Amino acid sequence: MKNAITLLAALALGTAAFAQEAETPPPPSPKEVLDAAPADAWQVIAPDDLLVFQLAPTAVGSERRIVVQLMDAPWSQKWVRNMRKLAQGGWWDTNSSVYRIAPGFVAQWGDPNEDRAPMEGLEEVGRADLIHPLSEPVSLANPCEDRVFDNAFCDAYAPVAMFKGGWPVATDGTADWPLHCPGMVGVARDVDPATGRGDTLYTIIGHAPRRLDRNLAVVGRVVEGLDLLRTQPPGAGEVGFYAEGQDPLKIEWARVASDLELGARPHYKYLKTESDTFAQWQSALIQPNPFYSEPPTDYDICALTYPVREVAGE
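Laid out in structure tokens, this is it:
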């Protein structure tokens, strides 16, 4: 009888342990982490940092637009100031369109003829403006050796890549610079870096062409309209430019959001890199998952879609 009681007790303990294990909730998914984030984990994008390109409506009258979040200081600020001035001067309100779609590469917009004289008063730019020198050299750990997934990514194009102020950047310890990740916006130019003042823009619609880093200016990211650009008919001309007979996507006007009426302004927020939620979000990306027999221990920084959300206005 004593053995029977012992056996029953063991079965009861085993059942209780199994029930406790079964009741242990799985760790939160990346989406659940973001949904549970406190309000102070998000940074609202100021209206002065949003550039709105209003496009021609669809055949059934639906509105279309591209909204660009402009790059924060200290990166690319000469170009950013030029872009605000171009918008305030109505540069894109005349003879402007999305006139190049190179599938897997870029969508480009501006003046398709590229024959207008530059707007007066734009700041001169050059190769030195493509990077931001650090105030003093920084000693860097090698994320390709420690393989710890945190905000220091193993990178093929720079010693370290990271999110800084919500932006994907790389550094060599003496300077840092923004990256050509999907959705990032750059400034088209000729061979001379000074020819890219900010009036002709492109965004990455395919895989990250990181060879462009430090060769062209990165001035922001598309926060609305990227899927629209990705689904446009490809350009039939050389390197994706629209050929004769193809209809470009016309730009009706462009404005800095702060110059629009309050009710017409778009509103967005992005996850603060310095928040606890950011660290939790990164941890959730590599948590055990039944789908993966070999869970990732690191990520390509440009493979991550940085959390940016549209929010209701005031």
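Numbering that gives the first Met the number 0 applies: residue 0 is where the sequence shown begins, and numbers increase by one.
Even glycine gets a Cβ: it sits at the ideal position worked out from N, Cα and C.
Note that the coordinates shown come from a computational prediction; the quantities given were computed from them, not determined experimentally.
Spatial distance of residue i from residue j (CA atoms)
i       : j       : result
Gly-197 : Asn-141 : 35 Å
Gln-53  : Tyr-291 : 42 Å
Met-161 : Ala-58  : 42 Å
Phe-277 : Gly-182 : 20 Å
Tyr-50  : His-266 : Per the sequence shown, residue 50 should be read as Leu rather than Tyr. Near 11 Å, if we compare the C-alpha coordinates of His-266 and Leu-50.
Leu-317 : Glu-135 : Summary: the structure shown does not reach residue 317, with the chain confined to residues 0 through 313, and so no result is reported for it.
Leu-259 : Ala-86  : 11 Å
Val-184 : Glu-144 : 31 Å
Lys-249 : Pro-37  : 40 Å
Asp-299 : Ile-100 : 25 Å
Arg-83  : Ala-35  : 35 Å
Glu-113 : Val-186 : 13 Å
Ser-138 : Trp-74  : 21 Å
Ala-311 : Ala-256 : 15 Å
Gly-244 : Ala-106 : 18 Å
Cys-153 : Arg-209 : 14 Å
Pro-158 : Ala-151 : 10 Å
Simplified DSSP assignment, three categories, for residue i
i       : result
Met-183 : strand
Trp-252 : strand
Thr-170 : strand
Ala-160 : strand
Leu-200 : strand
Ser-282 : helix
Ala-15  : Confidence at Ala-15 is low in this model, with a pLDDT of 49, below 50, so the placement of that residue is unreliable and no value is reported for it.
Ala-311 : coil
Ser-138 : coil
Gly-103 : coil
Val-238 : helix
Leu-225 : helix
Pro-46  : helix
Pro-52  : Here the sequence assigns Phe to residue 52, which means Pro is not the residue at that position. Note: Phe-52 maps to strand in three-state DSSP.
Phe-277 : helix
Same chain only: Cβ atoms within 8 Å of residue i, ignoring 5 sequence neighbours per side
i       : result
Pro-247 : Ser-96, Val-97, Tyr-98, Pro-111, Tyr-241
Gly-88  : Met-118
Trp-90  : Met-118, Asp-198, Ala-253
Leu-133 : Thr-170, Gly-172, Thr-173, Ala-174, Asp-175
Glu-309 : Val-222, Glu-223, Pro-265, His-266, Tyr-267
Pro-102 : Ile-204, Gly-205, Pro-233, Gly-239
Lys-77  : Glu-122, Glu-123, Val-124, Asp-128
Pro-27  : Ala-35, Gln-279, Ala-283
Gln-231 : Val-97, Ile-100, Ala-106, Leu-248
Residues near residue i in its chain [Cβ-Cβ closer than 7 Å; skip 5 each side]
i       : result
Leu-6   : Note that Leu-6 scores a pLDDT of 46, beneath 50, so its modelled location is shaky and nothing firm can be said.
Ile-4   : The pLDDT assigned to Ile-4 is 49, lower than 50, so where the model puts this residue is not dependable; a value taken from the coordinates is nonetheless given after this. If we look at Ile-4 and ignore the five residues flanking it on each side, it has no Cβ neighbours.
Pro-24  : none
Val-79  : Leu-69, Met-70, Val-218
Ala-15  : Confidence in Ala-15 is poor, its pLDDT being 49 and thus under 50, which makes the residue's placement too unreliable to answer from.
Glu-29  : At residue 29 the sequence reads Pro, which differs from the Glu that was named. Hits under 7 Å: Trp-280, Ala-283, Leu-284.
Arg-314 : What is shown of the chain runs 0 to 313, which leaves residue 314 out entirely.
Ser-274 : Ala-40
Ala-8   : At Ala-8 the pLDDT is 49, less than 50, meaning the model places this residue with poor confidence and gives no usable figure here.
Option nearest residue i by Cα separation, candidates the options
i       : options                            : result
Gly-219 : Asp-92, Asp-47, Asp-39, Asp-34     : Asp-47
Pro-294 : Lys-77, Val-147, Asp-114, Asp-71   : Val-147
Arg-339 : Arg-264, Ala-311, Trp-90           : Residue 339 cannot be examined here, being either before or after the span of the chain that is shown, 0 to 313.
Leu-284 : Asp-189, Thr-304, Ala-174, Leu-215 : Thr-304
Leu-33  : Tyr-298, Val-255, Ala-311, Thr-272 : Thr-272
Asp-191 : Val-222, Pro-158, Ala-116, Asn-214 : Asn-214
Gly-344 : Arg-210, Leu-129, Gly-172, Ser-28  : For the chain, the structure presents residues 0 to 313; residue 344 sits outside this window and is missing.
Ala-216 : Pro-233, Trp-176, Glu-223          : Trp-176
Trp-108 : Thr-202, Pro-208, Leu-270, Thr-230 : Thr-202
Glu-123 : Leu-139, Ala-193, Trp-74, Phe-152  : Ala-193
Tyr-269 : Lys-30, Glu-31, Trp-41             : Trp-41
His-131 : Asp-212, Arg-229, Cys-153, Ala-116 : Asp-212
Gly-120 : Thr-230, Arg-126, Asn-81           : Asn-81
Arg-229 : Lys-163, Arg-126, Asp-297, Phe-104 : Phe-104
Gly-165 : Ile-44, Glu-237, Ala-155           : Ile-44
Ala-302 : Ala-207, Lys-163, Ala-72           : Ala-207
Val-67  : Leu-225, Asn-288, Arg-126          : Leu-225
CB contact check: residue i to chain C, cutoff 8 Å
i       : result
Ser-274 : Going by chain labels, chain C is absent from the structure shown, which holds only one protein chain.
Contacting residues, own chain, Cβ-Cβ under 6 Å from residue i (five flanking each side not counted)
i       : result
Glu-62  : Pro-56
Trp-252 : Gln-53, Asp-92
Asp-39  : none
Asp-149 : none
Pro-167 : Leu-178, Cys-180, Ile-300
Leu-261 : none
Pro-306 : Leu-33, Leu-270
Asn-94  : Asp-110
Start and end residues, alpha helix (DSSP H) containing residue i
i       : result
Trp-78  : 76-87
Arg-209 : Per DSSP, Arg-209 belongs to no alpha helix (DSSP H) and is neither H nor E.
Val-32  : 29-34
Segment limits, beta strand (DSSP E) that includes residue i
i       : result
Glu-293 : Neither: Glu-293 is in no beta strand (DSSP E) and is coded neither H nor E.
Glu-144 : Unbroken run through Glu-144 is the alpha helix (DSSP H), 142-145; no beta strand (DSSP E).
Leu-129 : Premise fails: Leu-129 is in no beta strand (DSSP E) and is neither H nor E.
Arg-264 : Neither: Arg-264 is in no beta strand (DSSP E) and is coded neither H nor E.
Arg-64  : 63-69
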